[in-house]
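Structure first, commentary second.
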Amino acid sequence: NRITIQNSKGTVTKEYDIATLPKAEIDAKLVNATTVVVEYTIKVTNNGEQELKNIEIADKIPEQTTFVSIDDAQNSGTTILENDTVIGLKWIVTVPAKESIEVKFTVKVNENATGTISNAAIVNGKESNEEKTSIINAKKSSKIIERNNVEVKDGLEVAKLGDKIKYTITATNTGDVSGKTTIEDTVPVGTELIESSVTDNGKITTTTDNRKQISWNVELGANESIERTFIVEVKDISGKIENVATVGGVPT
280 NRITIQNSKG TVTKEYDIAT LPKAEIDAKL VNATTVVVEY TIKVTNNGEQ ELKNIEIADK
340 IPEQTTFVSI DDAQNSGTTI LENDTVIGLK WIVTVPAKES IEVKFTVKVN ENATGTISNA
400 AIVNGKESNE EKTSIINAKK SSKIIERNNV EVKDGLEVAK LGDKIKYTIT ATNTGDVSGK
460 TTIEDTVPVG TELIESSVTD NGKITTTTDN RKQISWNVEL GANESIERTF IVEVKDISGK
520 IENVATVGGV PT
């Protein structure tokens with residue numbers, strides 16, 4: 280399976296095998312402006328000594344998604360319509376002895392979709408293992424701490440030398456199955472990481488431009504949210520302090 284996530288912060292494409300739970304991590308602030316495209320691959324293997332003909336493969340369009348395209352090497356795929364809407368797909372294929380064939384289709388996740396998108400194909404009347412895609416939303420916040428009378432300008436807190444800023448990254452699994460992901464953040468230019476503030480088994484490394492980067496490998500249960508935090512001290516106020524965290528490679 281392949282998931283492609285597109286929004287104003289760019290495009291991220293990730294591949295998943297059967298052993299890895301596919302998941303879409305989305306910045307909570309960009310959910311409504313994000314397009315998530317999922318490509319499903321159905322593989323049929325013939326372990327026998329004779330060619331298999333007229334093998335029927337069928338699949339429904341998963342709930343909370345809309346059909347985009349169908350693809351297969353034998354050009355045998357057809358769509359099943361209801362009120363001019365594609366609700367299912369069917370292929371009639373030939374599988375040579377000791378070989379496999381693959382058919383694919385692509386759907387777009389509907390706006391405001393949450394939870395888990397499930398899909399199971401049917402090959403000659405036998406249902407395949409169910410594939411589940413968990414949607415993980417992410418958001419980040421920051422707050423100046425350890426100083427009274429914080430100045431606010433244009434809705435933003437104004438940092439001063441010596442201020443300590445606490446960053447909080449929240450990841451939420453809106454699905455009904457657990458999933459693993461990685462949270463990463465690089466310390467903003469003009470600040471210095473307070474390493475003792477990094478907890479929950481966060482790993483600290485140094486980037487090529489000599490900035491500290493923190494990463495956490497996390498597992499979220501169904502409908503679970505987790506927070507990861509760190510604190511920096513302001514060392515330079517000559518420019519704007521900006522920070523971008525990533526969850527599963529997707530910027531927040």
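In my numbering, the protein residues as written are 280 to 531. The beta carbon of each residue, even a glycine, is placed where N, CA and C say it ideally should be. As the structure is a computational prediction, the values presented were derived from the model and not from experiment.
Does Ser-420 come out as helix, strand or coil in the three-state DSSP assignment?
Mapped onto the sequence shown, residue 420 falls at position 141. Looking at Ser-420 - three-state DSSP - the assignment turns out to be strand.
Could you tell me whether the Cβ atoms of Thr-395 and Asp-455 are closer together than 8 angstroms?
Start at 1 with the first residue of the sequence shown, and residue 395 comes out as number 116. Start at 1 with the first residue of the sequence shown, and residue 455 comes out as number 176. Cβ distance < 8 angstroms, so Thr-395 and Asp-455 count as in contact.
Quick one: what does DSSP say Val-437 is sitting in, helix, strand or coil?
Position 158 of the sequence shown, counted from the first residue, corresponds to residue 437. Val-437 falls in the coil class under three-state DSSP.
Could you say if the stretch 374-383 and the stretch 329-345 meet the contact criterion of at least three C-beta pairs nearer than 8 angstroms?
yes
When we look at the beta-carbon of Gly-458 and count the other beta-carbons within 10 Å, is it buried (16 or more) or exposed?
As a position in the sequence shown, residue 458 is number 179, starting the count at 1. Answer is buried; the Cβ neighbour count reaches 16.
Please determine, among Lys-439, Ala-501 and Thr-385, the residue with the shortest C-alpha to C-alpha distance to Asp-515.
By 1-based counting over the sequence shown, the position of residue 515 is 236. Residue nearest to Asp-515 within the set Lys-439, Ala-501 and Thr-385 is Lys-439 (criterion: CA-CA distance).
Less than 8 angstroms between the C-beta atoms of Ser-494 and Ile-462, yes or no?
The residue you call residue 494 lines up with position 215 of the sequence shown. The residue you call residue 462 lines up with position 183 of the sequence shown. It is a contact, given that the beta carbons lie within the stated cut-off.
Counting C-beta neighbours from all protein chains within 10 Å, is the total for Asp-363 16 or more, i.e. buried, or is it exposed?
Locating residue 363 in the sequence shown gives position 84, where the first residue counts as 1. By the 10 Å Cβ count, Asp-363 comes out exposed.
For Lys-383, I'd like the list of residues in its chain whose CB is within less than 7 angstroms of its CB, leaving aside the five on either flank, ordered along the chain.
Counted from its first residue, the sequence shown places residue 383 at position 104. Here the set comprises Glu-318, Tyr-319, Thr-320, Asp-350 and Asp-351.
With C-beta atoms as the reference, is Asn-389 less than 8 angstroms away from Thr-344?
In the sequence shown, the residue the question calls residue 389 occupies position 110. In the sequence shown, the residue the question calls residue 344 occupies position 65. Going by C-beta atoms, Asn-389 is nearer than 8 angstroms to Thr-344.
What does the alpha-carbon distance come out to for the pair Thr-299 and Asp-338?
Within the sequence shown, the letter at position 20 stands for residue 299. Within the sequence shown, the letter at position 59 stands for residue 338. Only weak support exists for where Thr-299 lies, its pLDDT of 48 falling under 50; the value from the coordinates is given anyway. The straight-line gap from Cα to Cα measures roughly 21 angstroms.
Out of curiosity, what's the CA-to-CA distance linking Gly-481 and Ser-475?
Sequence index remark: in the sequence shown, residue 481 carries index 202 (1-based). Sequence index remark: in the sequence shown, residue 475 carries index 196 (1-based). Rounded to whole angstroms, Gly-481 to Ser-475 spans 11 angstroms at the Cα level.
Using C-beta distances below 6 angstroms, list every residue in its chain close to Arg-490, excluding the 5 sequence neighbours before and after it, in chain order.
Numbered from 1 along the sequence shown, position 211 holds the residue referred to as residue 490. Only Thr-465 and Val-466 meet the Cβ criterion.
Which one or two residues does DSSP pair with Arg-507 in a beta bridge?
Position 228 of the sequence shown holds residue 507. BP columns for Arg-507 point to Ile-448.
What separation, rounded to the nearest whole angstrom, lies between the Cα atoms of Val-468 and Thr-453?
By one-based count along the sequence shown, residue 468 stands at place 189. By one-based count along the sequence shown, residue 453 stands at place 174. Whole-angstrom Cα-Cα distance: 33 angstroms.
Where do the N-terminal and C-terminal ends of the beta strand (DSSP E) with Glu-463 fall, by residue?
As a working mapping, residue 463 is identified with position 184 in the sequence shown. It spans 458-465 - the beta strand (DSSP E) in which Glu-463 sits, taken as one unbroken run.
Can you tell which of Ala-501, Thr-447, Thr-460 and Thr-324 has its C-alpha closest to the C-alpha of Thr-478?
Residue numbering aside, residue 478 sits at position 199 when the sequence shown is read from its first letter. That would be Thr-447, whose Cα lies nearest to the Cα of Thr-478.
Nearest CA to the CA of Ser-517: which residue from Ala-501, Ile-510, Thr-484 and Val-437?
One-based indexing of the sequence shown puts residue 517 at position 238. Selected option, being the one with the closest Cα: Val-437.
If we call anything under 8 angstroms between Cβ atoms a contact, is Val-513 one with Ile-444?
For the purposes of this step, residue 513 is taken as the residue at position 234 of the sequence shown. For the purposes of this step, residue 444 is taken as the residue at position 165 of the sequence shown. Contact: yes.
From this set, Ile-359, Lys-322 and Val-316, which residue's C-alpha is nearest Val-539's C-alpha?
Given that the chain is displayed from residue 280 to residue 531, the structure contains no residue 539 and the question cannot be resolved.
When we look at the beta-carbon of Val-523 and count the other beta-carbons within 10 Å, is it buried (16 or more) or exposed?
The count along the sequence shown starts at 1 and reaches residue 523 at position 244. Classification for Val-523: exposed.
In terms of residues, what are the limits of the beta strand (DSSP E) holding Asp-338?
In the sequence shown, residue 338 corresponds to position 59, counting from 1. 331-339 is the extent of the beta strand (DSSP E) around Asp-338.
Could you spell out where the beta strand (DSSP E) holding Thr-484 opens and where it closes?
To locate residue 484, count along the sequence shown from 1; it is residue 205. Membership of Thr-484 in the beta strand (DSSP E) is indicated by the continuous run 482-485.
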